[in-house]
Structures are given as C-alpha cells and as structure tokens.
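Novice: Okay, here's the structure, questions in a sec.
Numbering (our numbering), first residue to last: -11 to 696.
What follows is the structure, given as structure tokens:
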C-alpha cells in the first residue's frame, strides 16, 4: 500500500466547467424535488391524530438499529429473501456512506478548509469496501428479481381477495410495474457504476497511480480486463466515459428525487415504523380518548400519524397475507390489502394541498379505496399479521378501530349484536344467570372458597366457556381437583365474575368492554389474594395487558405455568406416565400474544407423551378461528373454517393419538371440527388438564374445603 496523494479517484477530469455546473444544478434540483416530497409526506402524517409513541426515543432508536442491522425480522420464515435483502441493505448503506464521504471532502472540507483525506491507503480500502458492497447489492437484487419472476410465490401475487374482477380498484398491476422499476433502476445504478469504474481504469491504464492499484477495485478491474480483451483502447474508453458518466449520474439523481413518491421511500418509512412500534400492539388496544366524539376510525383523518406512517412502511411482501388464517380459508381478507387500500386512500385524500370534504374522507364502504365491512369482520384478531410483519405494521389495532366505528353504527351481524346485548345484560356470552356461573362446583366432593369473603393465595378467574359450556365444565372440574390435590389455597369470584371482555373489545364494543373491565377490576381489588390463575388465554391476555390501563394491575398466570411448577415442586405427583403420540396447538392469546410457548410443552413431556409439532407452531401457530368475536359470528356457507384447516394439518401426523389444546374455546372449536374432518376415530381432541388428570391418583376427600 502507498499513502501517496496521487492514488485517488478522478471525478471531473476532462469535463468542461459548464458540464460540471449543469451536473450540480441537476443535483440541487433532484434534492429540491426530494425535500418537497418529504414535506408532502410529513404534511400527510400531520393530518392524522396525535399518537403517544415519542417516549424513550433513544431506546427505540437503538432497538431499531439492531433490528435493521441484524435483519432479524426479515430472515424469519424466509431466510433466502432476508439474506438477499441484507445484501441490498448493507450494499446501499455502504455506498451511501461512500458517496457522502466523497461529497464531504470534495464539496465541503477541501474548498473551505483545504482538508483532503480521500487518497492513498484510505482511498484503497475505501475502494475495496465499496466494490464488495456494490457486488453484494447486485447479487441481492438479482435474487429478488429471480424470486419475483420465477418462483411464482402466492404472497407476491397482488390479486385481491376483497374485490371482484371488473371492480375499478381490483387491478393492482401498477404495483408490479413499480416493483420492477425499482429493481431495474437500482440494479442499473450498480451495474453502470462498475462499468464506469472499469472504463476509467482502461482510460487511465498508462497511469501507474491508477492501473497498478486496480486490484483494490476487484470488480472494476475484472471488467476492465474483459473490456481490453474485447478490444477497448484507452482512447475509446475515454470517449465512452462521459456518456456513461452522465447516464449513471442522471439515473442516480432521478432515483434520489423519486424516493418520497415511490416504493423507495420504504428505506426511511420502514425504519421509522420499526422505531415507533408498540411492543404490545394488538395485545393492548388503545382506549377511546375522552374528547373523541365517535368511537374508532370513520375517516382517514381519524388514523394517527403513526398509523399513516405504517401504511407507507408496508413493502407489499405478503407475509401477513400468507400468515392470515382468514385468508387461508378463503375469507375476503388480506391484511396487506387493508393496509394498501388505506394507503391509496391516504395518498389521494391527504397529500393534496387542501383536504377534501369530510364525506370524501370516509374509509368505510364499497367505493374505490374504501374497506368493506365483510373484510373487517373476517379478521380473527389472531395477531399473525402483526407478529410476522418485518416492518412492524400494526394491522390488528387499525382493524379493531374501524370495527369500533361499525359497532357504533350498528353495522354488524345480527347474531353478534344479540350476543353483545346478552353479555351486557347477563355478564356472560351464554345468557345464563350470574348465579349459575359456579354451578359446576356442585359436583365436586369438596367446597371451593369464596375469594370475596376470605383471603386466598390464588384467585381463579374461570371465564365464560370454562364456567358454562358442558364439555368445558368437565375440564374445569378436573383443574379444581388438581389444585385441591396439590394443596393450593384458591378461591373463586362466583357470580361476581363477569366476562373478562377480551373478545368484546376486539369486536369493537369498547363501551361494553370498559363496563366489564371496570366491574371485574372493582371486584378483584376488593379481594385478598396473591395472584390470579386462569384456564382461559383470552381472559389472561386482557387482565395481564389491558386491565392496568383501567387501574387494575394484578399478578396473573395461565394454568400451564402453575401446573408445571406444581409438578416440578412435587405438589402434584404423577403416578404414571402416558405414552401417547400427541401434537399441541398453541392458543393465539397464550402463544403469539403472550409468548407462552414452553410451559404447555414441558408439561406434555413431563407426562411422558411423545410431542410431534405441526408445521405451523409456536409464533406461527394457526388460529382456531374463534378469536376477535368470530366464535359468535356464523361463518359463510362454503368457506372452510380455520379449525377444519387445522385438523387437516394435524391429520398429516402419522400415528397421532391426541390433539392437545389449552384453551376452552379451542376445545369447543376443534372437537366440532374433528367430527366433520374425516379424522374422527383416528385421534381425539383433549384439554391438557385431562391428560394430567389421567396421571394423578386422587385421594378420597372428606374435608369440605381446601386448607391453607
């Protein structure tokens, strides 16, 4: 290596001053167009409602940088695409830094202060790094082209499931054109950059300070030797260079100018979306502000600025659509299409200098850009879309906010409306008298404490299905026996327990949810207990994540973690081991919502069962179809139920004996699906508690209650 100042890259050699001035004029114009586009985008976001995501900015920034640097959200479930995007991202970042470095010296430090550093050893290392970065960029782009053109991935097909052919906004071919324009322009910038480098080397091959160090630009050097082998001389290279230089330069400046107006802006919007993401998105839904006149989102200006940012962050990758259970069974819902429809609507309505009339801002309906009611009600709020989105788009909260407006307007299924009225009247979705909530306890050989009247260590929040559904009542009784057997000092709220409200809230009935939550919180706060346990993941989620917003912060766990602890400490002694071949279904609200993946599996193994995972498991588990209030809404005739789809997946496991669940709604949904799946008789659906029950030999109880 040599630190000579002669070892550097020529920039404007042999260019007339007028040509240099013209280039700078075009460059400033491109920057001005870029800045104006950024202004239009910011103006659009400012037309949304406020959002409280400005807290802990430094922590958010650090987390965003980690996510982008590791590409951890992109490599999940699609390693090839994630790695290719990683090459593109790293290449772009390094090339951007390289260009900025040149600008820093050439346009700022040297003319103002006479400082030069872009030469010698620094320049040689700089050239090597940028050559490798450019090569990585091109390799990544070529794979993305191959993937889009030849792999024919369904998630990259923009065919809409919520529109019919012939509808004015059915065709989204403009997105395909935009994708290809982005890929081709980006790859041409990279390729012409290397050809320009090679042309410079051939042109200056008689200069030792250039030619002797050509291998520090390995890609350019290889192309230079190929050009020479094809007959290119120094003179012809010198003549060709200005034309290629202008083509490369104008293409690059056009690319910069187009960033705020095209898909390219995801470079910035995706980073901002990751930075402002809510770690509890969907798990904890927002309250309706006291000063808000109507519930939910009716117009595009009801969305917050962060929602509008999320719309622009979407890269149309289709991962949310691929993960969506509603989409998988043919329902008219693609989370991506909801986001893109709202994006198109926002770009049309909010990017203009003046806002349209309020009637033209309505995002509900059948017109172009509006979201259909049927689409919103198809959502199971299972959070699969939010969980897999690589850029942290929060689909479910937006959908629920739009549902809130539908509920307020009375635009819902009659059966759902009746169920909500029933819950409001009786406190449960079965329409049973409150006095019957604990009727299942009458068949037990012992009494259960009333947590309202005396202190307990563990308060059991039972939930509607575990309390009133006959099939689930057997499971509930088994869990009561297990806790009694283990000597757990526990009690119930009896008729004072109301529906926890998790699904009521996800339906969009915020007023009823707040009524239920406030009542339950008041009851719980009047009791003396150390912690709460529940067999219902839906109740678990809202008590854990949402009740704190209403003043009710409690220690709560799902029964699987409690049982695991009781077995490991010897409080529950397993008298025998099972040798069943089983699979386990992760409930959305326990698994994806609250990361409760391990405890159920560890209990299954403690029971001696052979656990065989289905293809979709843990955070990629498939929804049973009951979430988001869908258990109260009849599925359209001719559309497969998600539970039936799941049965088919389980049926592919050779020798499967038991399909294990740990949620009352799952037990109901999957037992019904098994009867019509064709697999009845091959395996059975069982609650995990029932398997534990088989391993315990209960004593004959004579005491009337559990002792502390």
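Note that CB positions come from ideal geometry on N, CA and C, so glycine has one too. Quick caveat: nothing in here was measured; it's all calculated off a predicted structure.
Using CA atoms only, rank isn't needed, just tell me which of 430, 487, 118 is closest to residue 409.
Specialist: Looking up residue 409 in the chain shown gives position 421. Nearest of 430, 487, 118 to residue 409, Cα basis: 487.
Novice: Does any C-beta atom of chain B lie closer than 8 Å to the C-beta of residue 393?
Specialist: Absence of chain B from the displayed structure is noted, only one protein chain being present.
Novice: So who's on the other strand from residue 519, going by DSSP bridges?
Specialist: Your numbering for residue 519 matches position 531 in the chain shown. DSSP, once it has assigned bridges, lists 446 as partnering residue 519.
Novice: Is there contact between the stretch 187 to 199 and the stretch 236 to 248, where contact requires at least three CB pairs shorter than 8 Å?
Specialist: Short answer: they don't touch.
Novice: Hey, how far is the Cα of residue 323 from the Cα of residue 494?
Specialist: Here residue 323 refers to the residue found at position 335 of the chain shown. Here residue 494 refers to the residue found at position 506 of the chain shown. Distance between the alpha carbons of residue 323 and residue 494: 16 Å.
Novice: Alpha helix (DSSP H) containing residue 11: first to last residue?
Specialist: Along the chain shown, read from residue 1 onward, the residue named residue 11 stands at position 23. Counting along the chain, the alpha helix (DSSP H) containing residue 11 begins and ends at 5 to 34.
Novice: Are the stretch 55 to 69 and the stretch 368 to 384 touching, with three or more C-beta to C-beta distances below 8 Å?
Specialist: The answer is yes - the stretch 368 to 384 touches the stretch 55 to 69, with three or more Cβ pairs under 8 Å.
Novice: Along the chain, where does the alpha helix (DSSP H) that runs through residue 60 open and close?
Specialist: As a working note, residue 60 is residue 72 in the chain shown. Its alpha helix (DSSP H) spans residues 60 to 63.
Novice: Mind checking residue 431: buried by the 16 CB within 10 Å criterion, or exposed?
Specialist: Translated into positions along the chain shown, residue 431 becomes position 443. Residue 431 should be labelled exposed.
Novice: Between the alpha carbons of residue 312 and residue 2, how many angstroms are there, rounded?
Specialist: On the chain shown, position 324 is the one that residue 312 refers to. On the chain shown, position 14 is the one that residue 2 refers to. Going from the Cα of residue 312 to the Cα of residue 2 covers about 59 Å.
Novice: Please state whether the Cβ-Cβ distance between residue 305 and residue 373 is less than 8 Å.
Specialist: Working through the chain shown from its first residue, we reach residue 305 at position 317. Working through the chain shown from its first residue, we reach residue 373 at position 385. Contact: no.
Novice: For residue 395, count neighbouring C-beta atoms within 10 Å of its own C-beta (all shown protein chains included) and say buried if the count is 16 or more, exposed if not.
Specialist: Here residue 395 corresponds to residue number 407 of the chain shown, with the count starting at 1. Buried, because 16 or more other Cβ atoms sit within 10 Å of the Cβ of residue 395.
Novice: Between residue 423 and residue 496, which are expected to be in contact by the criterion C-beta below 8 Å, what is the C-beta distance as a whole number of angstroms?
Specialist: Numbered from its first residue, the chain shown carries residue 423 at position 435. Numbered from its first residue, the chain shown carries residue 496 at position 508. Between residue 496 and residue 423 the Cβ distance is about 30 Å, and since that is not below 8 Å, they are no contact.
Novice: Can you confirm whether the stretch 617 to 636 touches the stretch 353 to 360 when touching is taken to mean that 3 or more C-beta pairs between the two stretches lie within less than 8 Å?
Specialist: Because the criterion of three Cβ pairs below 8 Å is not met, the stretch 353 to 360 and the stretch 617 to 636 do not touch.
Novice: Look at the alpha carbon of residue 10 and the alpha carbon of residue 332, and state the distance between them as a whole number of angstroms.
Specialist: Here residue 10 refers to the residue found at position 22 of the chain shown. Here residue 332 refers to the residue found at position 344 of the chain shown. Rounded to whole angstroms, residue 10 to residue 332 spans 36 Å at the Cα level.
Novice: Starting from the Cα of residue 208, find the closest Cα among 186, 225, 463, 148 and give me that residue.
Specialist: Counting from one through the chain shown, the residue named residue 208 turns up at place 220. Here the closest residue by C-alpha is 186.
Novice: Can you give the beta carbon distance from residue 628 to residue 398, rounded, assuming they're within the 8 Å contact cut?
Specialist: Within the chain shown, the letter at position 640 stands for residue 628. Within the chain shown, the letter at position 410 stands for residue 398. Between residue 398 and residue 628 the Cβ distance is about 29 Å, and since that is not below 8 Å, they are no contact.
Novice: So, with DSSP's three-state summary, where would you put residue 297?
Specialist: Taking the first residue of the chain shown as position 1, residue 297 is located at position 309. Helix, per DSSP.
Novice: What whole-angstrom Cβ distance do residue 294 and residue 537 have, given they're in contact under 8 Å?
Specialist: Along the chain shown, read from residue 1 onward, the residue named residue 294 stands at position 306. Along the chain shown, read from residue 1 onward, the residue named residue 537 stands at position 549. Not confirmed; about 18 Å, so no contact.
Novice: For residue 477 versus residue 444, is the C-beta spacing smaller than 8 Å?
Specialist: Along the chain shown, read from residue 1 onward, the residue named residue 477 stands at position 489. Along the chain shown, read from residue 1 onward, the residue named residue 444 stands at position 456. Going by C-beta atoms, residue 477 is nearer than 8 Å to residue 444.
Novice: The beta strand (DSSP E) with residue 569 in it runs from where to where?
Specialist: Here residue 569 refers to the residue found at position 581 of the chain shown. First-last of the beta strand (DSSP E) with residue 569: 569 to 572.
Novice: With a 10 Å radius around its C-beta and 16 neighbouring C-beta atoms as the bar for buried, classify residue 310 as buried or exposed.
Specialist: Taking the chain shown and counting its residues from 1, one reaches residue 310 at position 322. Counting Cβ neighbours within 10 Å, residue 310 comes out buried, since at least 16 surround it.
Novice: Assign residue 175 to one of three DSSP states: helix, strand, or coil.
Specialist: On the chain shown, position 187 is the one that residue 175 refers to. Helix at residue 175.
Novice: Output needed for residue 118: all residues of its chain with C-beta closer than 7 Å, excluding positions within five of it in sequence on either side, in chain order.
Specialist: For the purposes of this step, residue 118 is taken as the residue at position 130 of the chain shown. Cβ neighbours of residue 118 beyond the five flanking positions: 82, 83, 86.
Novice: Between residue 114 and the rest of its own chain, which residues show a CB-CB distance below 8 Å, the 5 nearest in sequence each way excluded?
Specialist: Position 126 of the chain shown, counted from the start, is the residue given in the question as residue 114. Answer for residue 114: 86, 89, 106, listed in chain order.
Novice: Grouping DSSP H, G and I as helix and E and B as strand, with all else coil, what is residue 479?
Specialist: Taking the chain shown and counting its residues from 1, the one referred to as residue 479 is at position 491. Here residue 479 sits in strand by DSSP.
Novice: From which residue to which residue does the beta strand (DSSP E) around residue 1 run?
Specialist: Along the chain shown, one-based indexing puts residue 1 at 13. It is not in any beta strand (DSSP E) - residue 1 carries neither H nor E in the DSSP assignment.
Novice: Strictly by DSSP, which residues pair up with residue 599?
Specialist: Counted from its first residue, the chain shown places residue 599 at position 611. 570, per the DSSP bridge assignment.
Novice: In three-state terms, what does DSSP make of residue 456?
Specialist: In the chain shown, residue 456 corresponds to position 468, counting from 1. DSSP places residue 456 in helix when its eight states are reduced to three.
Novice: Please state if the CB of residue 523 and the CB of residue 591 are separated by a distance shorter than 8 Å.
Specialist: The residue given as residue 591 occupies position 603 in the chain shown. The residue given as residue 523 occupies position 535 in the chain shown. Not closer than 8 Å, so no.
Novice: May I have a chain-ordered list of the alpha helix (DSSP H) segments no shorter than 4 residues that lie completely inside the stretch 625 to 653?
Specialist: Listed in chain order, they are 630 to 639.
Novice: Taking Cβ positions, are residue 570 and residue 463 nearer each other than 8 Å?
Specialist: Here residue 570 refers to the residue found at position 582 of the chain shown. Here residue 463 refers to the residue found at position 475 of the chain shown. It is not a contact, given that the beta carbons lie outside the stated cut-off.
Novice: Rounding to the nearest angstrom, what Cα-Cα distance links residue 611 and residue 532 in this structure?
Specialist: The count along the chain shown starts at 1 and reaches residue 611 at position 623. The count along the chain shown starts at 1 and reaches residue 532 at position 544. Looking at the two C-alpha atoms, the distance is approximately 21 Å.
Novice: Give the secondary structure of residue 127 by DSSP, where H, G and I count as helix, E and B as strand, and everything else as coil.
Specialist: Along the chain shown, one-based indexing puts residue 127 at 139. Helix, per DSSP.
Novice: Beta carbon of residue 649, beta carbon of residue 672: below 8 Å?
Specialist: What you label residue 649 is simply residue 661 of the chain shown in a count that begins at 1. What you label residue 672 is simply residue 684 of the chain shown in a count that begins at 1. Not a contact, by the Cβ cut-off of 8 Å.
Novice: Where do the ends of the beta strand (DSSP E) carrying residue 674 lie?
Specialist: In the chain shown, residue 674 corresponds to position 686, counting from 1. Residue 674 -> beta strand (DSSP E) spans 672 to 675.
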